[in-house]
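Quick notes on the structure that follows.
Chains as they are written, first to last, in my numbering: chain A, 7 to 368; chain B, 7 to 368.
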């Protein structure tokens with residue numbers, strides 16, 4: 007799996023000079039020991055072959071930097087810090103240090119950061135930034151760096167990953183609302199180019215169908231990002247089209263759910279009196295919100311711990327086939343969802359599955 | 007200011023061999039071109055002199071890695087992400103990448119991480135982890151790495167820093183409570199080995215005295231950390247000793263303030279009905295809390311932007327005397343503070359200063 011790294015000896019062979027000359031030419035401090043034309047030629051060949059000038063990087067096989075790069079899409083989303091804590095603690099116990107970077111949900115940022123980390127001596131990468139099609143992930147695989155995806159996965163390629171069972175989580179949220187008597191249920195989702203956005207949306211469509219609910223497709227709107235602003239936008243769109251034709255919202259993430267609170271406030275409606283809202287992630291502080299948020303709990307620490315362990319495993323055994331670990335979410339009840347009055351509860355036509363069942367994420 | 011870096015030539019002189027031999031001996035790939043006794047000797051000398059084996063690191067003067075290490079004490083404190091965003095954006099505009107690390111408020115962690123970053127090729131460091139006496143800061147200064155402290159400063163040594171005017175902020179909170187009629191005011195502070203913990207505490211003592219309030223010293227309790235748990239502990243201690251003898255609390259940080267909410271709940275009291283609580287930092291989401299938190303706003307983005315700019319300035323001009331930039335906080339009103347009924351308001355004996363005035367932090 008690991009791409010063979012270009013060594014000084016490869017550069018020497020391609021340049022037609024001795025390895026020690028290459029070594030001098032590539033080192034800022036010793037370059038003046040070599041004639042300028044030779045130095046220029048060696049540098050050109052090294053560049054062409056893709057030689058990484060950092061000797062620690064080219065010495066990766068035999069020498070560990072004991073540094074792991076961790077890339078997250080949005081540090082201001084409070085769900086990530088407790089995940090990162092789990093990563094850091096597990097890596098520290100194994101003698102590794104995590105360096106974090108925040109891509110601000112920008113693929114070019116992610117690319118720059120990963121290039122930077124690869125050019126230095128990280129022993130592996132944990133990416134929470136994956137898109138379903140992701141050139142950054144492709145690049146890491148091509149480079150051969152030990153890699154673990156967390157939370158999100160890519161389509162088609164097998165990459166080691168630790169994720170939540172998104173399908174199961176959405177079913178939990180939906181069945182909680184059904185149990186409270188809600189039948190007209192809207193959905194506010196995330197970007198469809200991420201696995202979490204895509205599979206949570208598919209899960210909502212599949213689960214409502216299985217439960218015999220008739221959900222107008224325009225009652226399920228996906229935002230451009232997992233953010234409060236997009237949650238508000240999406241629910242406003244639904245409110246503008248459907249008015250009060252729904253009594254509950256399944257949001258695909260807690261920030262989206264907070265945005266739903268804002269949309270309701272903007273329309274003079276109240277949560278949960280007028281509309282119940284459930285979130286996803288159980289990010290810190292949601293129990294302190296007004297109202298406290300009903301949400302799908304994901305095991306933050308365990309996500310971090312398992313991804314770090316999986317990465318350490320891949321560093322030791324890079325040739326092993328990549329594994330995906332899927333963790334089970336659970337329901338956390340807050341004040342943002344409430345039972346409909348009995349007179350408002352309509353029977354469901356189909357019996358439905360009755361209980362959330364695990365399903366493959368992809 | 008910058009410590010002279012040990013070069014290959016220094017190692018060569020001290021080992022009594024040619025620089026090219028040192029170069030070969032220090033490089034994993036070329037070491038076998040040198041006899042083992044010579045290689046061992048060179049490595050021992052290099053270690054003794056403190057030669058950094060990474061050539062990019064020893065080439066710092068002429069070559070930039072364009073990577074900045076950013077160390078924060080607690081990633082789960084939501085005040086840090088928006089500060090980090092300001093840092094990252096400013097660094098990115100200058101072509102630099104930030105690598106973050108979280109010390110989990112542990113000085114040994116901070117030490118390990120900084121060692122790791124120094125051994126790699128970071129061009130500078132931004133530390134939010136400083137203790138008033140801090141061997142990690144000492145180490146950075148000794149190393150000569152461009153350094154900026156953010157939020158917290160050290161005693162005695164002059165280090166470039168971007169901080170809040172803590173004294174001014176505490177006065178704002180106190181005077182807000184005075185204006186609402188509160189006279190019996192407790193204080194829940196942070197660790198006294200940090201400048202923020204120490205100067206906010208001193209500010210409370212000084213400002214209450216200037217305003218003619220008689221504050222029993224045991225009504226001001228400092229926690230071991232800036233955390234919800236410690237906030238709760240401290241206020242429970244005050245409640246156990248003084249019962250309901252106070253009507254308001256100045257907390258030295260928002261997490262401490264949330265802990266105060268918990269302490270009041272644990273004693274069957276309500277905020278703000280029984281006790282008003284004000285925080286410090288204006289961390290994200292406090293406006294969504296129940297009750298929303300009255301707090302001292304610090305300019306998060308500006309803290310990040312200014313610290314990144316100051317660091318870039320120090321990288322360009324490392325010999326310039328270090329500057330401290332002090333930013334002005336402001337008051338954000340939430341639902342956690344309320345006016346006392348007029349009949350409960352006692353006159354203040356002294357006129358006090360009437361208005362929060364800027365004061366030196368140290």
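The beta carbon of each residue, even a glycine, is placed where N, CA and C say it ideally should be.
Counting only runs of 3+ residues, the beta strand (DSSP E) found wholly inside the stretch 142-225 of chain A occupies 153-156, 167-170, 191-195, in chain order. Residue 41(B) carries a coil assignment under DSSP once its states are collapsed to helix, strand and coil. Residues of chain A whose Cβ lies closer than 9 angstroms to the Cβ of residue 94(B) are, in chain order, 81, 107, 108, 110, 115. Contact with chain A is absent for residue 282(B), since none of that chain's Cβ atoms lies less than 7 angstroms from the residue's Cβ. Assignment of residue 15(A) by DSSP, reduced to helix, strand and coil, places it in the helix class. For the C-beta of residue 29(B), the chain A residues within less than 9 angstroms are, from N- to C-terminus, 26, 29, 30, 33, 35, 36, 39. In this structure, residue 257(B) places its C-beta atom within 7 angstroms of the C-beta atom of residue 266(B).
Note that the stretch 84-103 of chain A touches the stretch 128-146 of chain A; at least 3 beta-carbon pairs, one per stretch, sit closer than 8 angstroms. No Cβ of chain A is located within less than 7 angstroms of the beta carbon of residue 335(B). Within the model, the alpha-carbon separation for residue 125(A) versus residue 113(B) is close to 29 angstroms.
Separation of residue 96(A) and residue 215(B) (C-alpha to C-alpha, rounded to the nearest whole angstrom) is 48 angstroms.
Beyond the five residues adjoining it in sequence on each side, residue 110(A) comes within less than 6 angstroms, by CB distance, of no other residue in the same chain. Residues of the stretch 292-318 of chain B whose Cβ lies closer than 8 angstroms to any Cβ of chain A, in chain order: 294, 295, 296, 297, 298.
A contact between stretches requires three or more CB pairs, one per stretch, nearer than 8 angstroms, and the stretch 155-175 of chain A fails this requirement with the stretch 219-232 of chain A. In the DSSP assignment, residue 263(A) falls within the unbroken alpha helix (DSSP H) covering 260-272. Among the CB atoms of chain A, none fall inside 7 angstroms of the CB of residue 331(B).
In this structure, residue 17(A) and residue 48(A) form a Cβ contact; the two beta carbons are roughly 6 angstroms apart against a cut-off of 8 angstroms. Cβ atoms of residue 33(B) and residue 29(A) come within 8 angstroms of each other, at about 6 angstroms.
For residue 315(B), the uninterrupted alpha helix (DSSP H) segment begins and ends at 306-322. When DSSP states are grouped into helix, strand and coil, residue 336(B) belongs to the strand group. Inter-residue distance for residue 37(A) and residue 19(B) is about 18 angstroms (C-alpha atoms, whole angstroms). The criterion of a C-beta distance shorter than 7 angstroms is satisfied by residue 232(A) and residue 259(A). Among the residues of chain B, those whose CB is under 9 angstroms from the CB of residue 118(A) are 98, 103, following chain order. Following the DSSP letters along the chain, one finds residue 22(A) in no beta strand (DSSP E), marked with neither H nor E. The three-state secondary structure of residue 281(B), taken from DSSP, is coil. Taking 8 angstroms as the Cβ-Cβ cut-off, the stretch 240-266 of chain A approaches chain B at 264, given in chain order. With respect to the C-alpha of residue 295(A), the residue from 306(A), 283(A), 304(A) having the closest C-alpha is 283(A). The residues 227, in chain order, have a CB closer than 7 angstroms to that of residue 243(A) in the same chain once the five nearest residues on each side in sequence are set aside. For a cut-off of 8 angstroms, the C-beta gap from residue 171(B) to residue 315(B) is around 19 angstroms, too long to register as a contact. Annotation: residue 72(B) is outside any beta strand (DSSP E) and is labelled neither H nor E by DSSP. Annotated three-state conformation of residue 350(A) is helix, per DSSP. Burial state of residue 287(B) is buried, judged by a 10 Å Cβ sphere holding 16 or more other Cβ atoms. Here residue 353(A) is exposed: its Cβ has fewer than 16 other Cβ atoms, across all protein chains shown, within 10 Å. Interface criterion not met: the Cβ of residue 199(A) is under 7 angstroms from no Cβ in chain B. Boundaries of the beta strand (DSSP E) around residue 108(A): 103-108. Taking 8 angstroms as the upper bound for CB-CB distance, residue 106(B) and residue 76(B) are in contact here, some 5 angstroms apart.
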